[in-house]
Every structure is written in C-alpha cells, then in structure tokens.
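Since the structure comes first, as structure tokens, the remarks are kept for the end.
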Amino acid sequence: MAFASYNDFHHNVFRDAMITVAVNSITSFASGFVIFMFLGYMSEVSGRAIKDVAEQGSTLVFIVYPEAIATMPWAPVWAVFFFLMLLTLGLDSSFGGSEAIITALSDEFPVLRRHREWFVGILFFFYFLIGIPSCTDAGVYFVELLQNYAAFYSIIIAVFFEAIAVSWLYGIQRISEDVQEMLGTKPGKFWIGTWCFAAPAFLGGIIIFGLARYTNPAYGEPTDPFYYK
9 MAFASYNDFH HNVFRDAMIT VAVNSITSFA SGFVIFMFLG YMSEVSGRAI
59 KDVAEQGSTL VFIVYPEAIA TMPWAPVWAV FFFLMLLTLG LDSSFGGSEA
109 IITALSDEFP VLRRHREWFV GILFFFYFLI GIPSCTDAGV YFVELLQNYA
159 AFYSIIIAVF FEAIAVSWLY GIQRISEDVQ EMLGTKPGKF WIGTWCFAAP
209 AFLGGIIIFG LARYTNPAYG EPTDPFYYK
C-alpha cells in the first residue's frame, strides 16, 4: 500500500498486480531449481540422502551453500558472488519494509516529510542498533527469533486483518466504486471473490496450520528457553 500510494490516481493497479504475481511466482519457481540443484550436488558429493542434506533458514544459507561452493572450481569467485547477492537481497528487503514505515509516519506527521533525510538516517541508525546483538556469539539465535516471530507470525496476522478490514469493514461496494472512479470499470466477480473470500481463507489457513505445527524456535538440537516465547 505504501508503494501504491505513489502511483497516479488513474494508474492501472490491476495490471501491476498481475505482473507482480507473475514475476514473483516465476522467480520462486526458478529459485527452486537452483536450491535443489545445490542440494543434489551436496548429496552426491557427501554421499548422504537429500533429506539429510536439506536444511532450512540460516543453516541452508550459511552452511549448506558455502559447503557446496567450496567444492566448485573458482570457489572464491563464486563465494564473492553468492555473499554479494545476500547483501543486495538484504538491502532490498530493508528498503521495502522501511518504506512502509517512512510513508506511514510521514503522512501522519508532515514535519517528518520536511526533514526526510534526518528521519531516514535516524530510522536506519535504529536498525543498526537492533542488529548489533545478531553479531554476537548468540547472534544466530536472535536471527531465528526474528525469523519466527517478526518475519512470519506478525506479518501474516497483520495481512489477514488487513484483508478483513478492507473487504468486509470498509466494504466491497465502496472498493468497487473507488476502483471504478480510478479506472472507469468496476472489478469483476473474480476480484471480488478473491478479496472477500479467497484471500482471508488462505491467510487464515496459513495461520491455523502454522500455529498447529508450532515448535519453539531452535538452532541445532536445543530449543530456546521458555522466556523467549
């Protein structure tokens, strides 16, 4: 919503939505080939089954991939490319998440918009302070906590209630009228069904199944102490 707020009033948001979904799906599909190619390679080199090689989260990124790259020709070159990719992905992710905060607070407090450079600098300095614990010996545990609670449950729950608020509280009729005012045509039954039923149902299902299969965040064998919950 923060990025969309910068569009012209009559911008074709339907086209942007379809392009975004298509590009995201194709990228995810293609990345699956790359991931399992590396896992298959490590399985062949180590003589272990893929299920024993496969790891999730930071273990896959910082242990499995570097091990695979270390056995390749020109390993230092590929290692530079790999970790440079991680750096750019992290920067890009921080830009997207930060823009939502910057836009929301700037709209609410216009004084921040007039001093945007200072505002952004202070925000990223705050990010820097929060990130310091992840550079300590216990940093990997902080990363696991953030990945489980900040990057999954909080976001998916917020998006679920956002879908409910937009489609049911604000109302599909008013949304249709707004879209017609912007684009000249009302959204079809497909979009209405997606907004009102499909999106809340899928998001709710993800939350329910995620909570049903919930386990304490862990890195390796031991689980985190109960006071992290």
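As numbered in the numbering used here, residues 9 to 237 make up the sequence shown, in order. Even for Gly, the Cβ is constructed at its ideal location relative to N, Cα and C. Owing to the predicted nature of the structure, the values given are computational and were not obtained by experimental measurement.
Residue i classed as buried or exposed, judged by whether at least 16 other C-beta atoms fall within 10 angstroms
{"i": "Ile216", "result": "exposed"}
{"i": "Glu257", "result": "A query on residue 257 cannot be resolved here, the shown segment of the chain reaching from 9 to 237 and no further."}
{"i": "Phe46", "result": "buried"}
{"i": "Glu52", "result": "exposed"}
{"i": "Ala166", "result": "exposed"}
{"i": "Tyr135", "result": "exposed"}
{"i": "Met50", "result": "buried"}
{"i": "Glu152", "result": "buried"}
{"i": "Ala25", "result": "exposed"}
{"i": "Ile77", "result": "buried"}
{"i": "Tyr149", "result": "buried"}
{"i": "Tyr73", "result": "buried"}
{"i": "Phe234", "result": "At Phe234 the pLDDT is 45, less than 50, meaning the model places this residue with poor confidence; the figure from the coordinates comes in the next sentence. With fewer than 16 other Cβ atoms within 10 Å, it is exposed."}
Anticipated Cβ contact below 8 Å, residue i with residue j, distance rounded
{"i": "Val107", "j": "Phe17", "result": "It should be pointed out that residue 107 corresponds to Glu in this sequence rather than to Val. That pair is no contact at about 20 Å."}
{"i": "Pro208", "j": "Ile180", "result": "That belief does not hold up - the Cβ atoms of Pro208 and Ile180 are roughly 12 Å apart, past 8 Å."}
{"i": "Val88", "j": "Ile110", "result": "About 32 Å separates the two Cβ atoms, so there is no contact after all."}
Residue i versus residue j: straight-line alpha-carbon distance, rounded
{"i": "Phe198", "j": "Gln155", "result": "33 Å"}
{"i": "Gly40", "j": "Ala112", "result": "34 Å"}
{"i": "Glu116", "j": "Asn15", "result": "19 Å"}
{"i": "Gln188", "j": "Arg221", "result": "42 Å"}
{"i": "Ile138", "j": "Ala159", "result": "15 Å"}
{"i": "Ile43", "j": "Asp60", "result": "15 Å"}
{"i": "Asp232", "j": "Leu68", "result": "Confidence in Asp232 is poor, its pLDDT being 49 and thus under 50, which makes the residue's placement unreliable; the coordinate value appears in the next sentence. Going by the C-alpha atoms only, they are around 20 Å apart."}
{"i": "Ser168", "j": "Val21", "result": "The amino acid occupying residue 168 in the given sequence is Phe; Ser does not appear at that position. Cα-Cα distance, rounded: 21 Å."}
{"i": "Ala57", "j": "Gly213", "result": "32 Å"}
{"i": "Pro84", "j": "Phe70", "result": "15 Å"}
{"i": "Leu94", "j": "Trp203", "result": "34 Å"}
{"i": "Trp86", "j": "His19", "result": "41 Å"}
{"i": "Phe210", "j": "Pro81", "result": "44 Å"}
{"i": "Ile164", "j": "Tyr157", "result": "10 Å"}
{"i": "Met9", "j": "Gly55", "result": "48 Å"}
{"i": "Gly104", "j": "Ser114", "result": "16 Å"}
{"i": "His123", "j": "Gly201", "result": "42 Å"}
{"i": "Ile34", "j": "Phe205", "result": "25 Å"}
{"i": "Leu120", "j": "Leu131", "result": "11 Å"}
{"i": "Phe91", "j": "Tyr178", "result": "44 Å"}
{"i": "Ser175", "j": "Tyr161", "result": "21 Å"}
{"i": "Val31", "j": "Phe133", "result": "32 Å"}
{"i": "Gly48", "j": "Thr79", "result": "13 Å"}
{"i": "Leu97", "j": "Pro118", "result": "31 Å"}
{"i": "Leu219", "j": "Glu170", "result": "19 Å"}
{"i": "Glu75", "j": "Arg23", "result": "42 Å"}
{"i": "Gly147", "j": "Leu99", "result": "19 Å"}
{"i": "Thr28", "j": "Phe37", "result": "14 Å"}
Below-8 Å beta-carbon distance, residue i vs any chain D residue
{"i": "Ile71", "result": "The displayed structure is made up of one protein chain only, and chain D is not part of it."}
Practice item. Scan the region 49-94 and note each continuous alpha helix (DSSP H) run of 4 residues or more that stays entirely inside, going in chain order. Key: 58-61, 73-78
Check whether the region 189-197 and the region 133-144 are in contact - that is, three or more C-beta pairs closer than 8 Å.
no
Notebook entry, point to check: What are the uninterrupted segments assigned as alpha helix (DSSP H) that are 4 or more residues long and contained completely in the region 147-182, given in chain order?
Noted result: 147-153, 162-172
task: List in chain order: all unbroken alpha helix (DSSP H) runs of 4+ residues lying wholly within the region 20-51.
output: none
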